[in-house]
Amino acid sequence: MVISGKRGKIQMTYRDKIVEELALLGRKKKAVFLGEGINTGDRIYGTMNRVKAHKCVEMPVAENLIAGCAVGLAMKGLKPIVVFQRMDFMLIAADQIINHAALIGEMSGGQFPMPIIFRTIVGSQSDKFEVGPQHKHDFTHIFEPYIMTVRYAPSLHLYRGAYESVAPTLIVERKDDYELEAD
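Counting from 659, one number per residue, gives the positions in the sequence shown under the working numbering.
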């Protein structure tokens, strides 16, 4: 995607579109971001840089805790956006995602909707960026039977749509796609 402006034409990448969508969500009153590394370092490869720090809850490396907190926040009427930097470690949160976030809405007769966005990143598959064997697996198939699961595509505005949902949504990004031209 190319945008024309005062400085000429700017090429938009997948990362740029993610930054744009997360910034939009960060301005929503009920949105709250949870995750490890969302307020420190490069803030998830720069994708969180336009989300105000007060909208982000920096969590310890405890994925099951992070997902469980999101369930509690959703039950209180907020719209959590959970960030798992690597899908590999999201498996630790599978209990909260599959047995709680995916089922509480139904088990409560709709009294407690679960408008949670689970955002995760499949690590680079490139030999140029060796991230190690625990940082590059795609376990999407494990979550697909239980919650709405989509692969990120910049033209679809997935984060905006997921924010409006009353059910949990898993959005899977690929680190290797971040510098690709956006649709």
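Glycine included, each C-beta is placed from N, C-alpha and C at the ideal position.
Note that the structure is a prediction, hence the values are computed from the model and not measured.
Task: Rounded separation between aspartate 841 and glycine 763 - CA only - done: Numbered from its first residue, the sequence shown carries residue 841 at position 183. Numbered from its first residue, the sequence shown carries residue 763 at position 105. The alpha-carbon atoms of aspartate 841 and glycine 763 are separated by roughly 34 Å.
Task: Unbroken alpha helix (DSSP H) run spanning valine 824, endpoints - done: For the purposes of this step, residue 824 is taken as the residue at position 166 of the sequence shown. Segment: none, valine 824 is in no alpha helix (DSSP H) and carries neither H nor E.
- [ ] Can you tell me which of the three DSSP states valine 719 falls into?
- [x] The sequence position of residue 719 within the sequence shown is 61, counting from 1. Of the three classes helix, strand and coil, the one that applies to valine 719 here is coil, per DSSP.
Task: Residue span of the beta strand (DSSP E) that contains glycine 693, given as start and end - done: Within the sequence shown, the letter at position 35 stands for residue 693. Where glycine 693 is concerned, the enclosing beta strand (DSSP E) stretches over 689 to 693.
- [ ] Could you tell me whether the Cβ atoms of methionine 717 and leucine 692 are closer together than 8 Å?
- [x] Taking the first residue of the sequence shown as 1, we reach residue 717 at position 59. Taking the first residue of the sequence shown as 1, we reach residue 692 at position 34. Closer than 8 Å, so yes.
TODO: Please look up how many angstroms separate the CB atoms of valine 690 and proline 738, rounded, as I've assumed it's under 8 Å.
DONE: Within the sequence shown, numbered from 1, the residue matching residue 690 stands at position 32. Within the sequence shown, numbered from 1, the residue matching residue 738 stands at position 80. Yes, valine 690 and proline 738 are in contact; Cβ-Cβ is about 5 Å, under 8 Å.
Open item on the list: Please classify leucine 816 as buried or exposed, where buried requires at least 16 neighbouring CB atoms within 10 angstroms.
Closed with: Stepping through the sequence shown from its first residue, residue 816 is reached at position 158. By the neighbour-count rule (16 or more Cβ atoms within 10 Å), leucine 816 is buried.
- [ ] Can you give me the start and stop residues for the alpha helix (DSSP H) that threonine 798 sits inside?
- [x] As a working mapping, residue 798 is identified with position 140 in the sequence shown. Looking at the DSSP string, the run of the alpha helix (DSSP H) that includes threonine 798 is 798 to 801.
Task: Residues that lysine 737 bridges to, as DSSP identifies them - done: Start at 1 with the first residue of the sequence shown, and residue 737 comes out as number 79. According to DSSP, lysine 737 bridges with Ala689.
Open item on the list: Quick check on DSSP: helix, strand or coil for valine 709?
Closed with: Position 51 of the sequence shown, counted from the start, is the residue given in the question as residue 709. If DSSP states are grouped into helix, strand and coil, valine 709 belongs with coil.
Open item on the list: Taking the beta carbon of proline 826 as the centre, do at least 16 other beta carbons fall within 10 Å, making it buried, or is it exposed?
Closed with: Within the sequence shown, numbered from 1, the residue matching residue 826 stands at position 168. Buried is the call here.
- [ ] Taking 8 Å as the cut-off, decide whether the C-beta atoms of cysteine 714 and isoleucine 696 are in contact.
- [x] Locating residue 714 in the sequence shown gives position 56, where the first residue counts as 1. Locating residue 696 in the sequence shown gives position 38, where the first residue counts as 1. Yes; because the gap between Cβ atoms is below 8 Å, this pair is in contact.
Task: Where phenylalanine 742 falls: helix, strand or coil (DSSP) - done: Position 84 of the sequence shown, counting from 1, holds the residue named residue 742. If DSSP states are grouped into helix, strand and coil, phenylalanine 742 belongs with the strands.
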